[in-house]
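*Asks:* Numbering (the numbering used here), first residue to last: 79 to 293.
Ideal Cβ positions, reconstructed from N, Cα and C, are used throughout, including at glycine.
All values reported here derive from a predicted model rather than from experimental measurement.
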Ligand code: HEC
Ligand code: HEC
Ligand code: HEC
């Protein structure tokens, strides 16, 4: 008896829900897609849209219409895992792109520094390798030192939380460089390797301590 009553009231409320659903206007596709606000998680068809559709450029502007579309520009470049799906470091190494180091001076050459910093990570994630080489091929020392990082190994507080809030490595990663979602591009060194390297360096005083060369 109680059961049938409950069932009846359930059917009744379902009926109301169905009725009210019929009255709700059908949301457009953009509202239905929970990821539209998240530029890092676009479905394949929505990645690297042409300038007139990307929501950044003014679609009315003739300039935007004249720009080469990213898809066209990116197609010949090596594929990446995330962001705009180009492996920019490889594209640079393969000389498929030759970015100007100084906007105003086409002849300016970068000061490339091959110094790798190992940041030991708490927990189970592999340690983080920060390669100066790949950064200084594009960037000036002053892009990072001293405003973002004091140039001294271990002197800077870094955490995943601050990176996701757009500080530390997050000043660029997730904005102009590959995003935080690409965990294994930063967390590359197996645990304990840094400790071993520095132990070796301590045993052999001629070697540079705690700084390992890579690539
Ligand atoms: C993309 C950011 C970035 C750029 C560009 C950059 N650095 Fe660094 N640098 C770092 C980080 C991160 C560290 C490590 C800081 C830490 O461990 O707390 C560091 C550390 C250093 C250190 C300390 C090394 C040690 O063993 O104590 C020196 C010296 C240094 N950088 C010099 C330079 C010079 C010179 C340039 C330009 C040729 C440069 N950096 C460009 C991010 C950068
Ligand atoms: C000033 C901007 C900037 C900061 C700050 C920065 N990076 Fe980068 N990083 C770049 C750019 C630009 C690239 C090359 C483009 C790309 O790969 O998206 C890059 C590439 C890399 C690469 C790829 C190297 C390779 O061989 O593929 C790693 C790893 C990396 N960054 C780690 C870090 C870590 C760890 C930090 C913080 C300690 C950091 N970056 C801080 C701009 C920055
Ligand atoms: C741009 C480089 C970069 C990327 C990408 C990145 N991390 Fe990190 N991660 C760091 C740095 C730098 C630290 C701080 C290391 C230290 O303590 O010196 C860190 C620290 C951590 C820690 C230790 C706890 C903490 O907050 O300090 C964990 C866990 C972690 N990362 C997980 C992840 C996961 C999961 C992802 C992918 C979703 C990720 N990381 C992507 C650079 C990166």
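1) Taking the Cβ atom as the reference point for each residue, do residue 190 and residue 211 lie within a distance shorter than 8 Å?
2) If you measure from the CB of residue 258, is any heavy atom of ligand 2 nearer than 7 Å?
3) State the start and end residues of the unbroken alpha helix (DSSP H) segment that holds residue 167.
4) Using 8 Å as the threshold, is the C-beta distance between residue 204 and residue 269 below it?
5) Compare the Cα-Cα distances from residue 206 to each of 262, 183, 179 and 218 and report the closest residue.
6) On a Cα-Cα basis, can you pick out the residue from 228, 165 and 201 that is closest to residue 254?
7) So what's residue 262 in DSSP terms, helix, strand or just coil?
8) Could you check how far apart the C-beta atoms of residue 259 and residue 160 are, in whole angstroms? I think they sit under 8 Å.
9) Could you check where the beta strand (DSSP E) with residue 195 kicks off and where it finishes?
*Replies:* Well, looking at it:
1) Stepping through the chain shown from its first residue, residue 190 is reached at position 112. Stepping through the chain shown from its first residue, residue 211 is reached at position 133. For residue 190 and residue 211, yes; Cβs fall inside 8 Å.
2) Here residue 258 corresponds to residue number 180 of the chain shown, with the count starting at 1. No, ligand 2 has no heavy atom inside 7 Å of this Cβ.
3) Position 89 of the chain shown, counting from 1, holds the residue named residue 167. Per DSSP, residue 167 belongs to the alpha helix (DSSP H) from 166-171.
4) Against the chain shown, residue 204 aligns to sequence position 126. Against the chain shown, residue 269 aligns to sequence position 191. Cβ distance < 8 Å, so residue 204 and residue 269 count as in contact.
5) Here residue 206 refers to the residue found at position 128 of the chain shown. Considering only alpha carbons, the answer is 262.
6) For the purposes of this step, residue 254 is taken as residue 176 along the chain shown, with counting starting at 1. Of 228, 165 and 201, the residue nearest in Cα terms is 165.
7) For the purposes of this step, residue 262 is taken as the residue at position 184 of the chain shown. In this structure, residue 262 counts as helix in the three-state DSSP scheme.
8) Position 181 of the chain shown holds residue 259. Position 82 of the chain shown holds residue 160. At roughly 5 Å, the Cβ-Cβ gap stays under 8 Å, so residue 259 and residue 160 are in contact.
9) Taking the chain shown and counting its residues from 1, the one referred to as residue 195 is at position 117. Residues 194-197.
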